[in-house]
Each structure stands twice: as structure tokens, then as C-alpha cells.
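Visitor:
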Amino acid sequence: MAIVVQKYGGSSVRSVERIRAVAERVVAAKRAGNEVVVVVSAMGDTTDDLLAMAHEITPLPNPRELDMLLTAGERIAMSLLGIAINALGFAASSYTGSQAGIITDTSHGKARIIDIRPGRILGALERGDVVIVAGFQGVSTAYDVTTLGRGGSDTTAVALAAAVRADVCEIYTDVDGVYTADPRVVLDARKIHAISYEEMLELAASGAKVLQVRSVEYARRHGVKVHVRSSFSDEPGTWVVEEVSAWSRP
Ligand code: ADP
Ligand code: ASP
Ligand code: MG
2 MAIVVQKYGG SSVRSVERIR AVAERVVAAK RAGNEVVVVV SAMGDTTDDL LAMAHEITPL
62 PNPRELDMLL TAGERIAMSL LGIAINALGF AASSYTGSQA GIITDTSHGK ARIIDIRPGR
122 ILGALERGDV VIVAGFQGVS TAYDVTTLGR GGSDTTAVAL AAAVRADVCE IYTDVDGVYT
182 ADPRVVLDAR KIHAISYEEM LELAASGAKV LQVRSVEYAR RHGVKVHVRS SFSDEPGTWV
242 VEEVSAWSRP
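Per our numbering, residue 2 is the first one in the sequence shown, and the count goes up by one each step.
(1) Along the chain, where does the alpha helix (DSSP H) that runs through T48 open and close?
(2) Could you have a look at E244 and say whether DSSP puts it in helix, strand or coil?
(3) Residue ranges of each alpha helix (DSSP H) run of no fewer than 4 residues wholly in the stretch 194 to 248, ordered along the chain?
(4) Starting from G139, trace the beta strand (DSSP E) both ways and give me its first and last residue.
(5) On a Cα-Cα basis, can you pick out the residue from V132, A167, P64 that is closest to V225?
(6) Going straight from the alpha carbon of V165 to that of G11, what length do you get?
(7) For V159, collect the residues of the same chain with a Cβ closer than 6 Å to its Cβ; drop the 5 residues on either side in sequence, then sort them by chain order.
(8) Fully enclosed by the stretch 134 to 191, which alpha helix (DSSP H) runs are 4 residues long or longer?
(9) Between L161, E200, A206, S207, which lies nearest to V245 when the distance is taken from Cα to Cα?
(10) Is the distance from the Cβ of D68 to the Cβ of T147 below 7 Å?
(11) Do you know whose CA, among M54, T239, Q7, lies nearest T181's CA?
(12) Tell me whether G152 counts as near the ligand ASP, meaning its Cβ is closer than 6 Å to at least one heavy atom of that ligand.
(13) In terms of residue numbering, what span does the beta strand (DSSP E) encompassing K8 cover?
(14) Give the DSSP-derived three-state secondary structure of T107 in the structure shown.
(15) Using the DSSP secondary-structure output, state which residues sit across from A93 in a beta bridge.
(16) Please find out if some non-hydrogen atom of the ligand ASP comes closer than 6 Å to the beta-carbon of A43.
(17) Quick check: what's the CA-CA separation for A143 versus S99?
(18) Can you give the Cα-Cα distance for I122 and D130, rounded to whole angstroms?
(19) For G110, tell me which candidate among L71, S95, N87, A88 has the shortest Cα-Cα distance.
(20) What do you reckon, is the C-beta of G10 under 6 Å from a heavy atom of the ligand MG?
(21) So the beta strand (DSSP E) V37 belongs to, where does it begin and stop?
(22) G136 and S13: beta carbons closer than 7 Å?
(23) Using C-beta distances below 6 Å, list every residue in its chain close to G150, excluding the 5 sequence neighbours before and after it, in chain order.
(24) Is there contact here, the stretch 20 to 40 with the stretch 184 to 192, by at least three beta-carbon pairs under 8 Å?
(25) Which residues bound the alpha helix (DSSP H) around N87?
(26) Which stretch, first to last residue, makes up the alpha helix (DSSP H) that contains R21?
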């Protein structure tokens, strides 16, 4: 049985309708015979809204409290998705980063994953559950809740894919793949069908926020195959892999 990790970004879960649509897609992967781990971001602009509230109180919120606040966004999305999957007649269980065994260093706001203990989520997969994990968060070696930096759900997904030895890590977003430049800004940007980790790292480092830089570093280090695609269509997206053969270039 293949293990698939699917990550849905904020715009893909921005409303209850979108969460229902995501649940349908997750269930389709499960029906096709896969074991499915889903990583979710917070709904829409939730993270920005939570940050704005904290900054309305003080310009320099306590980093520990800020992390506690921000992780709540992903928690809302993951539980609503669990409820939506249940409503389609499938078993699902959701886990915070801490419950999923994602251990980080103590650097609040930009914590690095240093270990993953996937026992609990492997057990849930074995039971037949769709496993849902809150993106962008973990628990530190000092037992505090941490966040992984903006865009960190990508890194949660890739790190979990490595830990459960998934066959693929699908990153679902609001564009249908990686382009030569931001397709919302550069109108004649071209879609790239396959790209190497090295080239993707360069793109990400130069500001293409479609994948967090750390997620690409992690994928390269662990050889995780990443497929960036749209949650709004069934079109194939962009494969991020070790080596790209000449024929697959655009
Ligand atoms: P998500 O909420 O799904 O994590 P993000 O907003 O973090 O999505 O990333 C997707 C966005 O990245 C797209 O809407 C697009 O505007 C932007 N982007 C910037 N550079 C690129 C690029 N080279 N290829 C594709 N998307 C890009
Ligand atoms: N919700 C977090 C953010 O807005 C994490 C993510 O979306 O990847 O940065
Ligand atoms: Mg993102």
C-alpha cells in the first residue's frame, strides 16, 4: 500500500466549502487504496489575523505566547477537516505537531525540526484512519510549543513524508505548479514540469514562496519526492526530484 502525504495551504482551506472540497480529495486518495497523511495550514489569513491581534496589544509579544497563539490557527483547520472527512463516512484523527512527535529546537518563531517520532501517527494509519497533522508547529526540547517560521507547513509535510517513508509528498496550493517566476506577477512565466532540488532551492531562496526554503533542504537531504499542484484542479503540477532528465524540461 502506498503512503501519500498531502499538504493543503491556507487558501486551499479558506472556507468551510473549501474544507469540504479538500475532504473529498483526501477521501478519493484513500478510496484509491493509499494510506493518507494530511498536513493543513491555518484557514485563509488566520495566521496574519492572529499576529495582528497580538501586535495590537504590544509591539513585541512574548515569543513563547506568540507561538502558542499562532499554532491555534492550524488546530482549527485540522479539526474541521477531520469532521468533514468523518461526514463522508471515513475515519480520521487529527494531531497537533506535538502529538505527532515533531520535536524542534527552542528557537520560537523559527524553530527547526530536529527529530520526528512518528509512532502515534503510524499506529493511526495502521488502524485505517486518515491522519491529519497541524502544519507549522512542533514541541521543543524544553517542552514548549514552537512554530517553524512562515510557510512552515511545507516543512512539516516533507519531514513527515520522510519519517513515514511516504511514496510522495503532494503540496496542494493555489497555483498549478512551480513557474519560472511568480505567475501572479509575471504574466508570461512558464510552468516547470520537473525541477531538481538544487534549482528549486535557488528559486525558493530568491523569494518564490510556493515552497519554504527549509522544506526543499529537507526534501533534498532525505530524497523526498515532492509534487506541487493545485487543490482547485486535477492537473499534474511540478515534480521536485533529485535529477531532471532533458525531456521533462519545459
Ligand atoms: P499556500 O498558502 O498554499 O502555502 P503560498 O501563498 O505560500 O501558498 O504559495 C503559493 C504562492 O506562491 C502562489 O500563489 C504564487 O503567487 C507564489 N509564487 C511565487 N513564486 C512562484 C513561482 N515561481 N511559482 C509558483 N508560485 C509562486
Ligand atoms: N499558517 C502558517 C503561515 O501562514 C504556516 C503555513 O501556512 O505554512 O505562515
Ligand atoms: Mg505557503
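The C-beta atom is built at its ideal place from N, Cα and C for all residues, glycine as well.
None of these values were measured; they are calculated from a predicted model.
Guide: Taking the geometry as given:
(1) For T48, the enclosing alpha helix (DSSP H) stretches over residues 47 to 58.
(2) In this structure, DSSP gives E244 a state outside helix and strand, which the three-state scheme calls coil.
(3) Complete alpha helix (DSSP H) runs here, min 4: 198 to 206, 214 to 223.
(4) Where G139 is concerned, the enclosing beta strand (DSSP E) stretches over 138 to 141.
(5) Selected option, being the one with the closest Cα: A167.
(6) Computed Cα separation, rounded: 24 Å.
(7) Setting aside the 5 residues that flank it on each side, V159 is surrounded in the same chain by C170, S216, Y219, A220, V225, each with a C-beta closer than 6 Å to its C-beta; the list follows chain order.
(8) Every alpha helix (DSSP H) of 4 residues or more that sits fully in the stretch 134 to 191 is shown, in chain order, as 154 to 164.
(9) Answer by Cα proximity: E200.
(10) Closer than 7 Å, so yes.
(11) Here the closest residue by C-alpha is T239.
(12) Checking every heavy atom of the ligand ASP against the Cβ of G152, one is found closer than 6 Å.
(13) Counting along the chain, the beta strand (DSSP E) containing K8 begins and ends at 4 to 9.
(14) It is coil, neither helix nor strand.
(15) Partner(s): V131.
(16) For A43, the CB falls within less than 6 Å of some heavy atom of the ligand ASP.
(17) Cα to Cα, the separation comes out at about 12 Å.
(18) When rounded, the distance between both Cα atoms is 9 Å.
(19) For G110, the nearest C-alpha among the options comes from L71.
(20) At least one heavy atom of the ligand MG is nearer than 6 Å to the Cβ of G10, so yes.
(21) Element bounds for V37: 36 to 41.
(22) In this structure, G136 keeps its C-beta atom at 7 Å or more from the C-beta atom of S13.
(23) K111.
(24) No contact exists between the stretch 20 to 40 and the stretch 184 to 192.
(25) Start and end: 64 to 88.
(26) Under the DSSP assignment, R21 falls in the alpha helix (DSSP H) whose first and last residues are 17 to 32.
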